[in-house]
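Under numbering that gives the first Met the number 0, the sequence shown has 79 at position 80, and the numbering climbs by one with no breaks. No residue lacks a Cβ here, since even glycine has one placed at the ideal position from N, Cα and C. The structure appears below as structure tokens.
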Amino acid sequence: MKLAHYEKPEHRAISPVNEIEKLFQSFLNPFEHFFGRTRTEQRIPATYYSEDTDNFYVKIELPGIKKEEVTVECDNSILSVSAKSKKHNKSESEESESSYTFFRSIRLPDSIHEEKVAANLEDGLLTVTLPKSEKKKRRQIMIGG
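Below, the structure written as structure tokens:
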């Protein structure tokens with residue numbers, strides 16, 4: 000079984016846009032305490048790919064996400080996975096709200112039975128099972144006339 004693992008690098012290149020973004024965030028930070036914090040996370044979760052003789056598998060780590068917050072679609076050999084979660088946190092001294100959004104589309108081989116694709120979310124791991132279809136055999140066409 001082969002696995003591929005990808006995580007988005009944490010460092011950012013220095014650019015004028017990043018510097019302006021940092022300046023803007025530093026301007027807003029003093030107001031977070033007054034207005035309450037609103038935080039949006041957008042990250043790329045770890046994704047694993049594997050296959051056996053009958054299926055391809057795509058596994059995506061989505062810790063803390065409920066199955067009602069995840070959408071999995073398969074259309075024209077494209078697998079689309081999205082998740083959206085919103086959490087409201089309140090303590091004695093402050094109130095905050097955080098949200099998490101994720102979208103990923105993956106090009107699939109043409110040899111997938113799209114009608115039989117299944118997904119399962121358990122212990123923060125989304126597993127999408129993509130059954131392989133029978134490979135079409137090359138056949139010779141007789142020329143008439």
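K65 sits away from Y47, with the two beta carbons spaced by 8 angstroms or more.
Following the DSSP letters along the chain, one finds E94 inside the beta strand (DSSP E) bounded by residues E94 to R106. The segment 107 to 127 makes contact with the segment 64 to 84; the number of CB pairs closer than 8 angstroms reaches 3 or more. The three-state secondary structure of E50, taken from DSSP, is strand. By the criterion of a C-beta distance shorter than 8 angstroms, K134 is surrounded in its chain by S110, once the five residues flanking it on both sides are discounted. DSSP links E60 through a beta bridge to L124. For H87, the enclosing beta strand (DSSP E) begins and ends at I77 to K89.
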